[in-house]
Structures are given as C-alpha cells and as structure tokens.
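S.K.: Residue numbers (the numbering used here): 745 to 1123. Let me give you the structure first, and then I'll get to my questions.
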C-alpha cells in the first residue's frame, strides 16, 4: 500500500483509516480533483489498488460545548483492484436460470406450443429461441467483460434480467466498479460488446434464415382475440436474407419466419440501442473516447433527435402508437442518461487513427441495425 508520502504535493493527508478492505486517506486536496487522481493513480495501480477522490462526513465533539459537529472532508479512497471472480456468483447464476425459464416460456408461444407442465418447456422447440436470444446477449456482455479484465478494470460477470416480455428478458448488464485508466481502455471496453454481439446476431440470423418456417395453427388464424405483431426489419437483416436466400415474410398466413431469426433481430435492435451516443451507453463510451469532452455536445442532441422522431411518426406516419411511444420513452430516458454524464477516464490521451476508424465503422454497422418502426401490434 503506498505510504502517505507517495501522495506528494497532490494531497495533504491528515489521517489514514481502514474501512473493511478499503483504505481512506483523509485530508486536504492541493490540486483540482481530476489532477489529483492522475498524479496518484500510478502509485496505487502498481500496488494493486483503485483510487477515487470523494467527500466523507465525520462527526467530532466541539471542544467547548461537547456537541457533535458534522464535518465534510475530502478523502482518497483506495480499494483492491478486481482480481477475477471469487467463488460461485450465485446471484448471476440464479438470474441466468430464471432468464432461461422466461425465454423458454416466451419461446413456446412463438412456436405456438402449449405449455401444460415444466417438461413441455424443454421437450419442444422453444429452446432454439431461448438459445438464440441468450447467446446474443451473453456474447455482447462477455465482450465487455473480457476487455475490462484485459485493461485491469474491475467488472462483474453478466447479470441477466428475466422478464415476461415478447423476448422473455430485459437484456443483461455487467457492473464496472474500477476506474477506467484512459480513453483507449474506455474505447476498447465500449466497442467490444457491440461488435461481439453483432457478430453473434449475424450468425444467429443466418442460422435462422436457413431453418424451415413454422406453421401457424388454424386455431390461431381463426381466433378473434389473436394479436398480430408486425416486425420491421433493419437493413442488415434484409441484406442477410438476400445473401442466404431466406425469407422474412410469407404471403401464406399459415407460414411464419422461424423464431430463431427473431433472436438475430433482437441482437441487432439491442446493438442499435446500446450504440446511442449518450452517457453510460456503449455509444456514449465510444464518443467520449473518440471526441473527449466534446462528446457532451453530441449527448445533448440525442434526446432531441429521438423525441423528434417520435413526434414525426405520431404526426405524419400511419404507423400506430407503438413506435412513437417507444422512441418517446427512449428520448426521455436518454435525457436522464445524458444528465448523469459519461465515464471519465483518468488520462485523456487522444485515440489513434486505427481506433477512430473502428469507432466510425461500429456506428455505421449500428445504423444498419436501425429501423424506425421496430414493430406494430395489430389486433
């Protein structure tokens, strides 16, 4: 552990205390916050610690009255950098298993298979849909995880989120606790997920397009209560259909595209959403790494663009209410994400031309995954 003297002229230490596995250097900053962290980062990193400047609240008795007085002071908080997964991550395992169940259950509805008991979920075809969706999400998140570990940033394993939606999940996330050392690390971590996930989505889509279409039962076609979901297909998926000779739509209402294709559609839609260039989204990480602090200007425009898209679809396009509500929600959501701000790396060295080119290509691929009307629910 670096001694207090290692902080040099950046931070005057008045007290050092331990809080579990964390060590707090309490004292007075001698430089701006960002500069302090840049100065002390190498010494702490070499010792295997992440460090962050924060404010702490202390209570001490007034020397005259004895009344406890609350003081807010600065502290450099050092905690061990992540060393990998410690033990069995039971929370991750449980959430993954629950997500397997919800995607199997939803998958059975896409294959029009009745579920009369638990065995029906594993003996039918719904496992194909579940595997398609979960593999795309897992590859995306493990792309982030692998590059986080490569750059020495503490990150959790993916948390899958079970939810009985039309895909059976709200996706997956990883939690990054460590500081990001520089813009190169921020870029690599941010770009790894979308590129890995998009490759998985392409593979899943191609597999799905080569599978036979499913048969829609007569009971569904004749039902007066049935809802039809009309999906819009992004340019990338249309291109894959043209290349493979597969079909995305059928004139015969008794035939429907194989649900595995929908797993690829999910991957592409998730890729586009993650590449929205704002805040802590993957796209926000990329523009922050590529443009530095100028990325805030981009983030300010994004919510306006999404709300404008929602307004245009609602006012001028005959597409129902689903798409305007969807993009209106994302416009408001990204407004909050932009307010929170983007990741702040310790060092601000600009990226090289190679990473800039990869970043531009990634955003182009993300644009090919965009569809203004992802789906319409028709009664």
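Built from N, CA and C at the ideal position, the CB exists for glycine as well.
Pairs of beta-carbons, one from the segment 962–976 and one from the segment 1022–1029, closer than 8 Å: are there three or more?
M.R.: With a cut-off of 8 Å, the segment 1022–1029 and the segment 962–976 do not count as touching, because too few Cβ pairs lie within range.
S.K.: Tell me which residues share the same chain as residue 799 and place their Cβ nearer than 8 Å to its Cβ, disregarding the 5 neighbours each side in the sequence.
M.R.: Here the set comprises 816, 817, 818 and 819.
S.K.: On the three-pair Cβ rule with 8 Å, is the segment 995–1005 touching the segment 870–882?
M.R.: Touching, per the Cβ criterion.
S.K.: In angstroms with no decimal places, state the Cα-to-Cα distance between residue 846 and residue 1100.
M.R.: Looking at the two C-alpha atoms, the distance is approximately 39 Å.
S.K.: Going along the chain, which residues of its own chain have a beta-carbon closer than 6 Å to the beta-carbon of residue 1113, five neighbours each way excluded?
M.R.: Excluding sequence neighbours, residue 1113 sits near 978, 980, 1012, 1015 and 1016.
S.K.: What's the gap between the Cα of residue 774 and the Cα of residue 937?
M.R.: Distance between the alpha carbons of residue 774 and residue 937 is about 39 Å.
S.K.: Applying the criterion that 16 or more other CB atoms from any shown protein chain within 10 Å of the CB defines a buried residue, is residue 918 buried or exposed?
M.R.: The residue in question, residue 918, is buried, as its Cβ has 16 or more Cβ neighbours within 10 Å.
S.K.: From this set, 983, 901, 865 and 851, which residue's C-alpha is nearest residue 837's C-alpha?
M.R.: Nearest option by C-alpha distance: 901.
S.K.: Check this for me: beta carbons of residue 912 and residue 877, under 9 Å apart or not?
M.R.: In contact: residue 912 and residue 877 (Cβ atoms closer than 9 Å).
S.K.: Is DSSP giving residue 958 helix, strand or coil here?
M.R.: In this structure, residue 958 counts as strand in the three-state DSSP scheme.
S.K.: What residue from 840, 833, 844 and 777 has the CA that sits closest to residue 821's CA?
M.R.: Considering only alpha carbons, the answer is 777.
S.K.: Just the Cα atoms here: how many angstroms apart are residue 905 and residue 976?
M.R.: Going by the C-alpha atoms only, they are around 25 Å apart.
S.K.: Can you tell me whether residue 806 is helix, strand or coil according to DSSP?
M.R.: For residue 806, the pLDDT reaches just 47, beneath the cut-off of 50, and the residue's location in the model is therefore unreliable, although a value from the coordinates is still provided. Looking at residue 806 - three-state DSSP - the assignment turns out to be coil, as it is neither helix nor strand.
S.K.: Could you pull out every residue in the same chain whose Cβ sits closer than 8 Å to the Cβ of residue 794, ignoring the five residues on either side in sequence?
M.R.: Hits under 8 Å: 788, 822, 823, 824, 825, 898, 921, 922 and 923.
S.K.: Strictly by DSSP, which residues pair up with residue 771?
M.R.: According to DSSP, residue 771 bridges with 757 and 818.
S.K.: In terms of residues, what are the limits of the alpha helix (DSSP H) holding residue 730?
M.R.: The question about residue 730 has no answer here: the residues shown for the chain are numbered 745 through 1123.
S.K.: Helix, strand or coil: which one does DSSP assign to residue 1024?
M.R.: In the structure shown, residue 1024 sits in coil (DSSP, three-state: anything other than H, G, I, E or B).
S.K.: Nearest-angstrom Cα distance between residue 986 and residue 925?
M.R.: If you take the alpha carbons of residue 986 and residue 925, they lie about 43 Å apart.
S.K.: Leaving out five residues on either side along the sequence, give the residues of the same chain with a beta carbon under 7 Å from the beta carbon of residue 984.
M.R.: Same-chain partners within the cutoff: 946, 949, 950 and 953.
S.K.: Span of the alpha helix (DSSP H) holding residue 1046?
M.R.: Residues 1039–1060.
S.K.: Evaluate residue 993 with the Cβ neighbour count: other Cβ atoms within 10 Å of its Cβ, from every protein chain shown; 16 or more gives buried, anything less gives exposed.
M.R.: Per the 10 Å Cβ criterion, exposed.
S.K.: Between which two residues does the alpha helix (DSSP H) holding residue 776 run?
M.R.: From DSSP, residue 776 is part of no alpha helix (DSSP H); its letter is neither H nor E.
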